[in-house]
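**Q** Residues are numbered in this note's numbering as their position in the sequence shown, beginning at 1, plus a constant of 69.
Yeah, the Cβ is synthetic: ideal placement off N, Cα and C, and Gly gets one too.
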Amino acid sequence: MDSIYERIEKLCKEKGITVTDLCRECAIPRAILSDYKMGRSKALSTSVLSKIATFFSVSVEYLLEGKNSKAVENQLKVALFGGSDDVTDEMWEEVKRYAKFIYDKEQKS
């Protein structure tokens, strides 16, 4: 069973970034994840989990429990494109990048 930190590392690896890059992108102090990994802290705040989940376009539930969010992803594809079978990985990644762009823009406002 994967831990929250292991799921975060896996997501970073899939995206081709380091945990340090993630922290920089999400404005999370790197020490927060280091302390969690080393057991110096027992939990991550909802704010930190939310930022990470948003960055990777996954649910907080996925980070906490490792539950597959593919069902939710497929529902979003149906809502956005009318179906999930015709959506390429490239199209889906572009949608997630745009959603992150909008999110970041709103956070700066």
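Quick one: what's got a C-beta closer than 7 Å to E78's C-beta in the same chain, skipping five residues either side?
**A** Position 9 of the sequence shown, counting from 1, holds the residue named residue 78. Answer for E78: V88, listed in chain order.
**Q** Looking at C-alpha atoms only, which residue of S116, S110 and D155 is the closest neighbour of C95?
**A** Translated into the one-based positions of the sequence shown, residue 95 becomes position 26. Ranking the options by Cα distance to C95, first place goes to S116.
**Q** Go ahead and label F170 buried or exposed: buried means 16 or more other beta carbons lie within 10 angstroms of its beta carbon, across all protein chains shown.
**A** Locating residue 170 in the sequence shown gives position 101, where the first residue counts as 1. Exposed.
**Q** Name the residue from R93, I101, G85 and K84 whose alpha carbon lies nearest to the alpha carbon of V74.
**A** Here residue 74 refers to the residue found at position 5 of the sequence shown. Going by the sequence as given, residue 74 is Tyr instead of Val. With distances taken between Cα atoms, Y74 lies closest to I101.
**Q** Do we get a CB-CB distance below 8 Å when we pair V88 with the residues of chain B?
**A** As a matter of chain content, chain B is missing from the structure shown, which is built from one protein chain.
**Q** Quick check: the stretch 105–114 against the stretch 152–170, are at least 3 beta-carbon pairs closer than 8 Å?
**A** No: fewer than three Cβ pairs fall under 8 Å.
**Q** Please list the segments of the beta strand (DSSP E) lying wholly inside the stretch 99–145, counting only runs of 3 or more residues, in order along the chain.
**A** Qualifying beta strand (DSSP E) stretches: none in this window.
**Q** In angstroms, rounded to a whole number, what distance separates the CA positions of E162 and I86?
**A** Along the sequence shown, read from residue 1 onward, the residue named residue 162 stands at position 93. Along the sequence shown, read from residue 1 onward, the residue named residue 86 stands at position 17. Their Cα atoms are separated by approximately 15 Å.
**Q** Would you kindly work out how many angstroms separate the C-alpha atoms of V147 and K136, rounded to a whole number?
**A** Taking the first residue of the sequence shown as 1, we reach residue 147 at position 78. Taking the first residue of the sequence shown as 1, we reach residue 136 at position 67. Approximately 20 Å between the Cα atoms of the pair.
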